[in-house]
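Inspection log for the structure reproduced underneath, given as structure tokens.
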Amino acid sequence: MHSGRKKILFVAEAVTLAHVARPLVLSSMLDPTRFDVNFACDVRSKWLLGDFRGQFFPLPSMSSDKFLTALKRGTPLYSDKILESYVRDDLKLIDEVRPDVVVGDFRLSLSISARLAGVPYLSICNCYWSPFWRPPRYTVPDLPLLTRYLPLRLADALFQLGRPIAFARHCGPLNRTRRRHGLPSLGTDLRRVYCDADQVLYADIPELFSDVRLPAGHQFLGPLLWSPPVTSPDWWRRIPDDRPIVYVTLGSSGHPKFLPLILKSLAALEITVIAATGGAEVPQVVPANAFVAKYLPGEESARRARLVICNGGSLTCQQALAAGVPVIGIASNLDQFLNVGTLVQAGAGEMMRADRFNASGLATIVMTMLEESGHRHLERIAGLMSRYDGRSRFADAVRRVVKTEPMDETNQH
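First residue of the sequence shown? That's 1 in our numbering, and the numbers climb one at a time after it.
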């Protein structure tokens with residue numbers, strides 16, 4: 001190891017692709033002659049690292065299915081028992097790597113373990129979960145006990161009344177685990193739990209968040225664009241360009257049942273559909289106007305498309321915005337509603353509810369959006385995103401917690 005190199009440990013909570021992809025993007029921004037880069041995540045996601053040249057450490061995460069089931073039910077994502085095991089695993093890892101700084105993405109246990117180990121902790125997050133930004137309104141997510149059996153208006157009213165209690169319930173496991181380790185409670189605001197770190201790094205641009213005022217220790221990095229390390233499918237170069245291309249992906253957290261429904265709803269339109277299943281099996285029956293693969297190069301797919309349809313996840317939405325392409329977000333959980341809500345406010349997309357999905361309604365929205373000359377502000381948003389130099393911003397955040405020589409920070413927005 002080169003003398004004087006700072007050791008950086010990236011820790012990804014491998015319950016969705018985004019939580020692995022974002023720290024992976026940041027790890028690639030560091031100069032290997034100045035930083036010793038280490039990456040930890042569950043072995044099931046190791047393939048996402050592609051040609052990563054640092055050292056890999058296996059770190060168990062709960063299964064994606066278990067995580068998504070809790071998300072769908074609106075129950076706390078992590079139990080006390082799981083968080084305790086995470087803290088033990090974190091501390092063992094930190095003791096083995098002995099990093100100068102830890103960078104985590106949704107590894108909530110680092111709120112405890114990094115502090116116990118006395119290591120500076122940087123957390124990657126989205127600004128719509130920041131306690132320093134107030135959404136115009138929380139929209140009731142797809143909750144089976146509410147939205148599937150009650151009129152939406154009544155379900156929403158009940159959600160508004162119960163949301164503070166629900167947030168407090170979600171905070172409980174981490175707060176109890178913190179107390180067992182001698183750390184103070186973070187309170188009952190779930191956003192504080194999601195954003196507890198020495199430095200919080202928002203993978204967003206502030207222009208999508210009106211009136212946000214961040215204190216010291218909170219910083220916008222700009223978009224962290226990423227595509228999986230896969231080869232393009234055989235049909236990639238045969239995609240016809242005589243009709244508008246619509247890119248469809250529900251990511252790793254989308255319900256597999258929706259992709260066939262979406263493809264069917266678009267089958268009669270004069271468009272070409274390119275779709276990624278996010279790892280699920282390709283449907284046996286695919287409409288004549290559609291091309292489907294498990295994974296696609298997301299950034300290039302968005303650039304080729306006139307419209308992107310997704311589940312409202314931030315990763316795909318940012319790919320679309322960076323390409324100047326509008327989005328239809330078929331949202332289910334609260335994270336997706338918050339993310340797509342910022343796009344709708346900016347005039348960059350439309351939202352559909354997963355629990356109110358309607359095939360003919362989707363087809364109508366698609367044709368309306370394709371016939372428009374352009375969604376408001378898309379060119380401006382794409383321009384703003386291109387101005388953010390994530391490399392220098394991330395290096396600046398690292399410098400604030402460890403002593404390093406300044407990097408060239410030209411072009412930092």
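Where is the CB? At the ideal position from N, CA and C, for every residue including glycine.
Owing to the predicted nature of the structure, the values given are computational and were not obtained by experimental measurement.
query	result
Just how far apart, CA to CA, sit Leu-338 and Arg-53?	35 Å
Out of Ala-168, Arg-5 and Thr-147, which one is the CA nearest neighbour of Tyr-417?	Any question about residue 417 goes unanswered here, given that the chain covers just 1 to 413.
Evaluate the contact criterion for the stretch 280 to 300 versus the stretch 385 to 402: three or more CB pairs, one atom per stretch, below 8 Å.	no
Do the CB positions of Asp-42 and Pro-60 come within less than 8 Å of each other?	yes
Grouping DSSP H, G and I as helix and E and B as strand, with all else coil, what is Phe-357?	coil
Drop a sphere of 10 angstroms on the beta-carbon of Asp-31, count the other beta-carbons inside from all chains shown, and report buried for 16 or more, exposed for fewer.	exposed
Quick check: the Cα distance between His-2 and Glu-371, rounded to an integer number of angstroms?	Because the pLDDT of His-2 is 45, which lies under 50, any placement of that residue in the model is unreliable, and the number read from its coordinates should be weighed accordingly. Near 57 Å, if we compare the C-alpha coordinates of Glu-371 and His-2.
Under 8 Å between the Cβ atoms of Ala-157 and Pro-223?	no
Check each candidate in Phe-57, Ile-274 and Pro-135 and name the one with the smallest Cα separation from Val-344.	Pro-135
Figure out for me which residue from Leu-190, Phe-159, Leu-186 and Leu-161 has the closest Cα to the Cα of His-170.	Leu-190
Excluding sequence positions up to five away, which residues of its chain have a Cβ less than 6 Å from the Cβ of Ala-14?	Val-20, Cys-41, Asp-42, Ser-45 and Ser-61
Would you give the residue range spanned by the alpha helix (DSSP H) that Cys-127 belongs to?	Where Cys-127 is concerned, there is no enclosing alpha helix (DSSP H), given that its DSSP letter is neither H nor E.
My parser needs the alpha helix (DSSP H) runs of 4 or more residues fully inside the stretch 48 to 82; what are they?	64 to 73
Quick one: what does DSSP say Lys-257 is sitting in, helix, strand or coil?	coil
Considering Cα atoms alone, identify which of Leu-150, Arg-176, Lys-7 and Phe-132 is closest to Val-87.	Arg-176
For Glu-379 and Gly-279, what's the separation of their Cα atoms in angstroms?	31 Å
Quick one: complete beta strand (DSSP E) runs, 3+ long, within the stretch 196 to 275?	199 to 202, 218 to 220 and 245 to 249
Looking at chain B, is there any beta carbon in it that lies within less than 8 Å of the beta carbon of Asn-126?	Given the protein chain composition of this structure (a single chain), no chain B is represented.
Give me the residue from Pro-283, Tyr-295 and Trp-235 with the minimum Cα distance to Thr-272.	Trp-235
Taking the straight line between their C-alpha atoms, what separation do you get for Asp-198 and Gly-313?	26 Å
Where Asn-358 and Val-282 are concerned, what is the direct C-alpha to C-alpha distance, given to the nearest angstrom?	22 Å
Suppose you measure from the CA of Ile-202 to the CA of Met-29; what does that come to, to the nearest Å?	One detail in the question is off: residue 202 reads as Tyr in this sequence, not Ile. One C-alpha to the other measures close to 16 Å.
Quick check on DSSP: helix, strand or coil for Ala-18?	helix
Counting C-beta neighbours from all protein chains within 10 Å, is the total for Arg-414 16 or more, i.e. buried, or is it exposed?	This structure does not reach residue 414, given that the chain is present from 1 up to 413, and the question cannot be answered.
Could you tell me if His-181 is buried or exposed, where buried requires 16 or more neighbouring beta carbons within 10 angstroms of its beta carbon?	exposed
CB Val-325 to CB Leu-307, shorter than 8 Å?	yes
Tell me whether Asp-242 is buried or exposed, calling it buried when 16 or more other Cβ atoms sit within 10 Å of its Cβ.	exposed
Could you give the DSSP three-state label for Lys-6: helix, strand or coil?	strand
Would the stretch 138 to 153 count as touching the stretch 213 to 220 if we require 3 or more Cβ pairs under 8 Å?	no
Alpha carbon to alpha carbon, how far is Tyr-247 from Thr-277? Give it in angstroms, no decimals.	11 Å
Given 8 Å as the limit, is there contact between the stretch 62 to 72 and the stretch 96 to 104, that is, 3 or more CB pairs closer than that?	no
Among Glu-300, Glu-207 and Ala-18, which residue has its Cα nearest to the Cα of Leu-104?	The question names Leu, yet the displayed sequence has Gly at residue 104. That would be Ala-18, whose Cα lies nearest to the Cα of Gly-104.
For Glu-350, count neighbouring C-beta atoms within 10 Å of its own C-beta (all shown protein chains included) and say buried if the count is 16 or more, exposed if not.	buried
Judging by CA-CA distance, which residue of Val-401, Asp-90 and Ile-274 is the nearest neighbour of Ile-238?	First, the amino acid is wrong: residue 238 is Arg here, not Ile. Closest by alpha carbon: Ile-274.
Gly-4: buried (16+ other C-beta within 10 angstroms of its C-beta) or exposed?	exposed
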